[in-house]
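In the working numbering, the protein residues as written are 52 to 423.
Glycine included, C-beta positions come from ideal geometry on N, C-alpha and C.
Predicted model only: the values in this text are computed from it and were never measured.
Working notes for the structure below.
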Amino acid sequence: MLTFRRALIIAGAVLTFFYLLQHTHTAPQLTVNSPKPTGSYQENKKIQETAPPRQEAEAALPPATSSTSESSNEATYKKERPQISLEDLKTRPLRQKLAYQFPYDPEGKFPAYIWQTWKYTPASGDFGEAFRPAEASWTEKHPTFIHEVITDSVAVSLIRHLYATVPEVFEAYTALPLPVLKADFFRYLILLARGGIYTDIDTMAIVSATDWVPSEVPRSSYGLVIGIEADPDRPDWQDWYSRRIQFCQWTIQAKPGHPILRDIVASITEETLERKRQGKLSKDSTMSVVEFTGPAIWTDTVFRFFNDPEYFDMTTSKGNITWQHFTGIKQAKKVGDVVVLPITSFSPGVGQMGAGDDDDPMAFVKHEFEGA
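What follows is the structure, encoded as structure tokens:
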């Protein structure tokens with residue numbers, strides 16, 4: 052017969068057995084997945100499995116509403132870099148810091164953000180009435196996007212937060228002596244960190260960004276969409292523009308972390324801090340906004356990427372990609388993971404350089420040139 056005392060003895064024995072069993076077995080090894088690549092690219096992948104040799108002529112993509120042509124070369128993505136500590140990160144070169152902080156996923160989605168900057172938000176009575184139709188057009192054409200108009204004071208706090216681990220970038224931003232320089236720098240900074248669309252406050256959305264590139268072109272195959280600002284086919288072009296082909300930066304669409312954005316952020320940061328060190332950074336100092344933070348340095352950075360052997364196979368190249376590959380284009384071209392739209396797309400109705408009218412099928416954004 053099982054008495055109460057015997058039951059207690061048996062229960063104690065059973066508990067002791069399970070306790071010893073648990074503590075004499077070797078603990079199982081936990082398998083932890085490696086973190087996502089933290090380099091400039093998702094470096095263990097490629098946009099295409101094989102990057103075909105570079106050619107001067109671009110291969111056509113599938114026809115769509117607006118046909119697009121593509122360079123036969125695709126940007127490649129290197130092997131994954133090991134994860135590094137915060138203390139070690141502080142000792143790395145600036146571009147490595149930015150690549151670690153803002154990794155690029157070429158196969159990721161374009162974030163549904165629209166970023167604009169101005170002195171006031173649309174909710175303010177001081178927001179210019181002339182800007183309201185243009186500002187509202189972006190929400191109307193992108194009803195599911197988050198649309199933010201960032202004021203100067205908010206921009207300072209936002210950049211401080213986003214670049215807290217790369218303090219030299221914030222130092223450079225706050226050191227810039229002119230609002231126009233800060234406005235230029237901000238667009239690159241916000242797109243590098245968060246991606247989406249940056250567009251000037253005086254731009255009008257004609258076509259939704261979801262239709263800028265034909266749907267037949269996989270979104271996983273490109274991470275930056277830019278347009279041509281100027282294509283001055285005239286002998287005195289240097290009297291009017293900084294570059295023979297000039298890419299506009301009043302409207303840019305990007306995935307966060309794109310290496311072109313990383314490069315221009317690093318270049319502006321380094322140049323700003325060097326000028327500051329030399330005492331040449333003031334409102335009275337001679338500086339060209341176009342060259343320092345504007346479309347000139349933006350254009351140079353894009354072309355530098357197009358011809359960078361770190362991202363492109365140059366062994367079979369027939370020559371560098373130059374302005375000649377883009378002059379006079381009427382449809383989009385794709386070089387690596389960058390889509391370049393013709394001048395009509397972001398500069399319709401200018402009446403020169405081959406730009407079409409506002410009702411042209413390739414007209415996507417209208418710049419009113421009213422911001423200051």
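Same chain only: Cβ atoms within 6 Å of residue i, ignoring 5 sequence neighbours per side
| i | result |
| --- | --- |
| Gln297 | Glu280, Ala281, Pro346 and Thr350 |
| Trp169 | Val200 and Ile252 |
| Val231 | Val340 |
| Phe178 | Tyr171 |
| Gly308 | Phe153, Pro154 and Tyr155 |
Beta-carbon gap between residue i and residue j smaller than 8 Å
| i | j | result |
| --- | --- | --- |
| Leu324 | Leu243 | no |
| Lys306 | Tyr155 | yes |
| Glu419 | Ala185 | yes |
| Gly379 | Gly405 | yes |
| Val207 | Ile277 | no |
| Arg245 | Tyr164 | yes |
| Thr435 | Asp411 | Any question about residue 435 goes unanswered here, given that the chain covers just 52 to 423. |
| Gly247 | Phe354 | no |
| Ile319 | Ala223 | yes |
| Arg211 | Gln300 | no |
| Thr302 | Phe397 | yes |
| Glu361 | Ser271 | no |
Between the CA atoms of residue j and residue i - distance to the nearest angstrom
| i | j | result |
| --- | --- | --- |
| Ala383 | Glu138 | 44 Å |
| Ala317 | Pro310 | 10 Å |
| Ala187 | Thr254 | 10 Å |
| Gln80 | Pro393 | Reliability fails at Gln80, whose pLDDT of 26 lies under 50, so the model's placement of it is uncertain and no value is given. |
| Val416 | Gln304 | 12 Å |
| Ile357 | Thr366 | Here the sequence assigns Phe to residue 357, which means Ile is not the residue at that position. Straight-line Cα distance between these residues: approximately 14 Å. |
| Thr195 | Asp262 | 14 Å |
| Ala260 | Ser266 | 11 Å |
| Arg295 | Val391 | 15 Å |
| Phe363 | Gln375 | 19 Å |
| Leu140 | Ala181 | 46 Å |
| Pro173 | Arg183 | 7 Å |
Own chain partners of residue i with C-beta closer than 7 Å, once the 5 adjacent residues on each side are dropped
| i | result |
| --- | --- |
| Gln403 | none |
| Ser241 | For the sequence presented, residue 241 should be read as Ile rather than Ser. Counting only Cβ-Cβ distances below 7 Å, and skipping sequence neighbours, we find Trp166 and Tyr249. |
| Phe221 | Ile210, Arg211 and Tyr214 |
C-beta neighbour in chain C for residue i, strict 8 Å
| i | result |
| --- | --- |
| Ile319 | The chain inventory of the structure shown lacks chain C, comprising one protein chain alone. |
Contacts around residue i, its chain only, beta-carbon distance under 8 Å, and the 5 residues preceding and following it disregarded
| i | result |
| --- | --- |
| Ala226 | Thr323, Leu324, Lys327 and Leu332 |
| Arg143 | Ile135 and Tyr151 |
| Asp408 | Pro399, Gly400 and Ala414 |
Contact test: residue i Cβ vs the ligand NAP heavy atom, cutoff 7 Å
| i | result |
| --- | --- |
| Ala215 | The ligand NAP is absent from the structure shown, which contains no ligand whatsoever. |
In the region 176-262, which residue ranges form an unbroken beta strand (DSSP E) of at least 3 residues, counting only runs that do not cross its ends? As far as the region 176-262 is concerned, its whole beta strand (DSSP E) runs of at least 3 residues are 197-201, 247-250 and 254-256.
Where in the region 319-401 do unbroken runs of the alpha helix (DSSP H), each at least 4 residues long, occur, reported from the N-terminal end onward? As far as the region 319-401 is concerned, its whole alpha helix (DSSP H) runs of at least 4 residues are 340-343, 346-357 and 394-397.
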